[in-house]
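Colleague:
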Amino acid sequence: MPAEWELDCAVLLSWPHSGSDWNYMLPQITGTYVELAKAIMSKGIPLIIVAPNTSDARKSLSATKGTVLYFDVQTNDTWTRDFGPITILKGDEPAVVDFKFNGWGLKFSSDRDNLVTLKMCECGLITAERINRLGFVLEGGSIESDGKGTILTTARCLESPNRNGELSRAGIESRLKEWLGADRILWLEHGALEGDDTDSHIDTLARLAPNDTIIYTGCQDTSDSHYEELSKMKHEIVNLRTAEGKSYNLVELPLPSPIYDEDGNRLPATYSNYLVTPRAVFMPTYNQPLNDMTAAGMVGAVFEREVVSVDCLSLIQQHGSLHCATMQIPLKALCL
């Protein structure tokens, strides 16, 4: 499984629609998706947009320069990171692995999203080999690859009884190693954000980066409800070792100041939920200028590329952010 930052890619977006959970704030979230799409295309990166009816997306982006492939297909929601295809390399050629998506452990409807990858392959939009793993539940946001054989994940997610509850950790590991070409799996036992309904996806907490680096979400405020969990996670990360037995280079991102929904529930805002491409890093912001700028500077320095910020205050209302809403697919895997 290549690292996210390695291959020239297109980015898959699932456009919000009235049949999704976004219906109550559709104009607001559509505006966010327009800005996200424009940001990605501004760096010359093609888009793939799926929706039950892509006419709204076509109208919204009609004046925007760039390559967009539109595909009409039924969807439940917009979180392509978790139901989109996961890329592996077979030699120099990409293949897409189609894992089962069951709504983050049977929490939400997922019957339509679970079929999107299959239908993209059937219609020839994806031209790479499709590998059917629909008997195994795995979300893209739950795993991180360094492109060198290491996968980073969390125990709370992958060992959730409503995903692959019949399997032991050893059974899960053996499948990830075989199917993703991994040599080893690093597990985090701790780390959680209030409002996160993914069971601690790794892409909200800690990310693998070049030069044996881990970028992770920290918390310095002892009065914050996240302090204990994130401190335990930090201790685990400090003790992780590379394949060569060395300590990782560590970069601690600030935790955004608390953001709440209209009912007073805290939302899982995190700067770890960025997207990295060979051309730029796309970074979520939350209208917190100092935190937003600090986090962007830290991530940009690690990847040594431009950072493009996108306001994700509306995305976080449905408990996800920028990385959750995107999935990179190599250009060589597509009919471009």
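Take the sequence shown: its letters are residues 1309 to 1644, numbered as in this note's numbering.
Ideal Cβ placement from N, Cα and C applies to all residues, glycine included.
A quick note: this is a predicted structure, and the numbers were derived from the prediction, not measured.
Inspect the beta-carbon positions of E1560 and A1500 and report whether they are closer than 9 Å.
Modeller: Cβ atoms of E1560 and A1500: not closer than 9 Å.
Colleague: Should D1390 be labelled buried (16 or more other beta-carbon atoms within 10 Å of its own) or exposed?
Modeller: With a 10 Å radius around the Cβ and a threshold of 16 neighbouring Cβ atoms, D1390 comes out buried.
Colleague: Going straight from the alpha carbon of R1441 to that of T1425, what length do you get?
Modeller: Spanning the two alpha carbons is a distance of roughly 11 Å.
Colleague: Would you decide whether T1340 is buried or exposed? Buried here means 16 or more other CB atoms lie within 10 Å of its CB.
Modeller: buried
Colleague: Any idea which residues DSSP pairs I1480 with across the strands?
Modeller: DSSP output for I1480 lists no bridge partner at all.
Colleague: Could you check which residue in P1518, C1431, T1525 has the C-alpha nearest to that of T1550?
Modeller: P1518
Colleague: Let's see if you can read the secondary structure: which residues bound the beta strand (DSSP E) around E1437?
Modeller: 1437-1445
Colleague: Between F1722 and R1420, which are expected to be in contact by the criterion C-beta below 8 Å, what is the C-beta distance as a whole number of angstroms?
Modeller: The chain is shown from 1309 up to 1644; residue 1722 falls before or after that span and cannot be answered.
Colleague: Report the three-state DSSP secondary structure of E1430 (helix, strand or coil).
Modeller: helix
Colleague: Where does the unbroken beta strand (DSSP E) through V1319 begin, and where does it stop?
Modeller: According to the DSSP assignment, V1319 belongs to the beta strand (DSSP E) that extends over 1317-1322.
Colleague: Is it the case that the Cβ atoms of R1574 and S1533 are separated by a distance below 9 Å?
Modeller: yes
Colleague: Excluding the 5 residues flanking I1334 on each side, which residues of the same chain have their C-beta closer than 8 Å to its C-beta?
Modeller: The question names Ile, but residue 1334 in the sequence shown is Leu. Hits under 8 Å: P1324, H1325, S1326.
Colleague: Using only the alpha-carbon positions, how far apart do C1429 and D1569 sit?
Modeller: 38 Å
Colleague: Could you give the DSSP three-state label for A1500: helix, strand or coil?
Modeller: coil
Colleague: Is the CB-CB distance between Y1378 and V1358 below 9 Å?
Modeller: In this structure, Y1378 places its C-beta atom within 9 Å of the C-beta atom of V1358.
Colleague: Are the beta-carbon atoms of L1644 and A1436 separated by less than 9 Å?
Modeller: no
Colleague: If you count every other CB in all the chains shown that lies within 10 Å of the CB of R1515, and 16 or more means buried, which is it?
Modeller: buried
Colleague: Quick check: the segment 1606-1616 against the segment 1573-1589, are at least 3 beta-carbon pairs closer than 8 Å?
Modeller: yes
Colleague: Any idea what DSSP makes of K1398, helix, strand or coil?
Modeller: strand
Colleague: How long is the line joining the alpha carbons of L1344 and Q1625, rounded to whole angstroms?
Modeller: 16 Å
Colleague: Could you please give me the residues that DSSP links to L1377 through a beta bridge?
Modeller: According to the DSSP secondary-structure assignment, L1377 is paired through a beta bridge with I1356.
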